[in-house]
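Here is the structure we will look at.
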Amino acid sequence: MMIHSWGRYPICESKILNPDNDISVTDFAQNTTSDWIPRGLGRSYGDSALSGQVLTSKNLDYIIEFDPMTGILTSDAGVTLASLLKVFVPKGWFLPVTPGTQFVSLGGAVASDVHGKNHHGEGSFCDHVLSLKIATPTGMVTCSPTENEPLFRATCGGMGLTGFITQVTLKLNQIKSAYIQEVTHKANNLQEVMSLFEEHKDATYSVAWIDCMATGNELGRSLLMLGEHAQSGGLDAGQPGHLSLPFELPISPLNSFSTRLFNQLYYHRIRSSVQNKTVHYQPFFYPLDGIQNWNRMYGKKGFVQYQCVIPYAAGYQGMKALMDEISASKEASFLAVLKAMGPSNDNYLSFPMEGFTLALDFKYKPNVLALLDRLDDIVLDLGGRLYLTKDARMSEKMFKRGYPKWEEFMEVRESYGANKHIHSLQSKRLGLSS
27 MMIHSWGRYP ICESKILNPD NDISVTDFAQ NTTSDWIPRG LGRSYGDSAL SGQVLTSKNL
87 DYIIEFDPMT GILTSDAGVT LASLLKVFVP KGWFLPVTPG TQFVSLGGAV ASDVHGKNHH
147 GEGSFCDHVL SLKIATPTGM VTCSPTENEP LFRATCGGMG LTGFITQVTL KLNQIKSAYI
207 QEVTHKANNL QEVMSLFEEH KDATYSVAWI DCMATGNELG RSLLMLGEHA QSGGLDAGQP
267 GHLSLPFELP ISPLNSFSTR LFNQLYYHRI RSSVQNKTVH YQPFFYPLDG IQNWNRMYGK
327 KGFVQYQCVI PYAAGYQGMK ALMDEISASK EASFLAVLKA MGPSNDNYLS FPMEGFTLAL
387 DFKYKPNVLA LLDRLDDIVL DLGGRLYLTK DARMSEKMFK RGYPKWEEFM EVRESYGANK
447 HIHSLQSKRL GLSS
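Every letter in the sequence shown is one number past the one before it in our numbering, and letter 237, counting from 1, is 263.
Rendered as structure tokens:
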């Protein structure tokens, strides 16, 4: 059948396999002679979970053990973040790190080493993972930061290229409320929002919506949202929104005019320079989960997301160079997010580094690909890199310069026999597969 990931670009013909347990997964990994790649909920944006065969985790969906004294959880890798929140928020526990959607499997969160609005303080998802079980071509292996460490470092952020994650043990954080105390700061331009990030660097959560179509003195005008867990308000896990796009739109409504109009309205909805309110965690962390299948609004050809990170040393001038290029292109990014990131970890292919990350969504078309090539040159010159989970078109040169530990990653792949048949379209494009 034809499959794609969340960006709906590219599309790949693939055989879908849904094993029922870790024994069948291990048997497959040891005996198959065809190319394959693990796949969770398909929420990566590009081609990292596309191959001739995909092995899904949909049937590995049981919570195995939880210690209410320590918050340590052991679970099948197919369990979703949404399921964990539904079970554990009412008990007073929350994910230590969460990406912008809860519709991600635990295995996918590990394979992407996802980050969130608190990376500057809490690091990436895998910084809170205590151990993993992985079905490799050499058999089932348990690994952690202290046991079979090279495999752990290669698997965390390794995009499924070391084997099939079957089980994850991690530590949850205790909370007193399902609500967030949110403070929104209105920034007139890029320089102001970057200064606000520094001023509020001790906030637990921080993220900025940024108007990438603004120009001149308003270049990079933004709304910076800060958040802290509330101390009261109840522990109701809530529900994602029930609105849905039931079909693929024949013509996307997203263009420069509609995006510019949306940006005007969204920016000016905040009347004062600072706004305080209490919100449920659902809209704070997962605003896009309120509309199911929202990716369909980009039309038949889909979209590409571009997420880069540049070091703090690049400073305002570095981010301004990116914003100038985007603004001058007139290409409309309906979603644009800026976050501050803390130090990188020891995982070979994890994306975050200390600096600023910018994420953009563009409707797929040739002009956009040309723009992204120009942004690549700027990011490389600044010493940055691109996020593998969002990537659909990065060059091998860009990847290998941005991820200097790729050769160590390849040594681990070879030592477990993963280089023989575990391949994705992305791994072939980036020179990680022959």
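Beta carbons are placed, not taken as given, at the ideal position from N, Cα and C, and that holds for glycine.
Rounded Cβ spacing between residue i and residue j (contact assumed at less than 8 Å)
i	j	result
A256	V115	Actually they are not in contact, since the Cβ atoms of A256 and V115 sit about 13 Å apart, beyond 8 Å.
S170	L187	Not quite, the Cβ-Cβ distance comes to about 19 Å (not below 8 Å), so this is no contact.
L198	L99	6 Å
D315	F435	Going by Cβ atoms, the distance from D315 to F435 rounds to 32 Å, so no, they are not a contact pair.
L216	L250	In fact, because the Cβ distance is near 12 Å, the residues do not count as touching under 8 Å.
N85	D46	5 Å
K356	A385	Their Cβ separation, rounded to whole angstroms, is 19 Å, which puts K356 and A385 out of contact at 8 Å.
T230	E208	Not quite, the Cβ-Cβ distance comes to about 11 Å (not below 8 Å), so this is no contact.
H447	W32	So it is not a contact: roughly 25 Å between Cβ atoms.
Per-residue burial, residue i [other beta carbons within 10 Å of its own, 16 or more giving buried]
i	result
K327	exposed
Q331	buried
A354	exposed
H211	buried
I277	exposed
F360	buried
D403	exposed
M27	exposed
N289	buried
D399	exposed
S60	exposed
Boundaries (first-last residue) of the alpha helix (DSSP H) holding residue i
i	result
K454	L451 to R455
G428	E422 to G428
Y292	S282 to H294
A323	The sequence as given places Met at residue 323; Ala does not occur at that position. Taken as a continuous stretch (DSSP letters only), M323 belongs to no alpha helix (DSSP H), as it is neither H nor E.
W432	W432 to S441
P392	P392 to D407
E225	L216 to E225
S353	G341 to S355
D53	D48 to N57
For residue i, the nearest candidate out of the options (CA to CA)
i	options	result
T192	P125, G66 and V123	G66
S376	H145, K41, G72 and P64	H145
Y324	I352, G316 and P279	P279
V51	H154, D228, T162 and G134	T162
Y374	V136, G68 and I206	V136
P462	F388, L412, D73 and G165	Missing from the structure shown is residue 462; the chain here goes from 27 to 460 and no further.
L107	I37, L269, F311 and K391	F311
S441	A180, M239, K41 and K112	A180
D87	M239, A103 and P64	A103
C238	T124, V219, M349 and M424	M349
C38	Q333, M95 and A75	A75
N461	I160, L456 and T241	Any question about residue 461 goes unanswered here, given that the chain covers just 27 to 460.
E380	L408, A358, A396 and K202	L408
G443	L81, S70, I29 and A55	A55
K366	N243, Y429 and D228	Here residue 366 turns out to be Ala, not Lys, going by the sequence shown. Cα-wise, what sits closest to A366 is D228.
The beta strand (DSSP E) enclosing residue i, as first and last residue numbers
i	result
K365	S359 to M367
I462	Look at the range of the chain in this structure, 27 to 460, and you will see that residue 462 is not part of it.
P64	I63 to R65
A234	Y231 to I236
Strand pairing of residue i, partner residues [DSSP]
i	result
N302	V209
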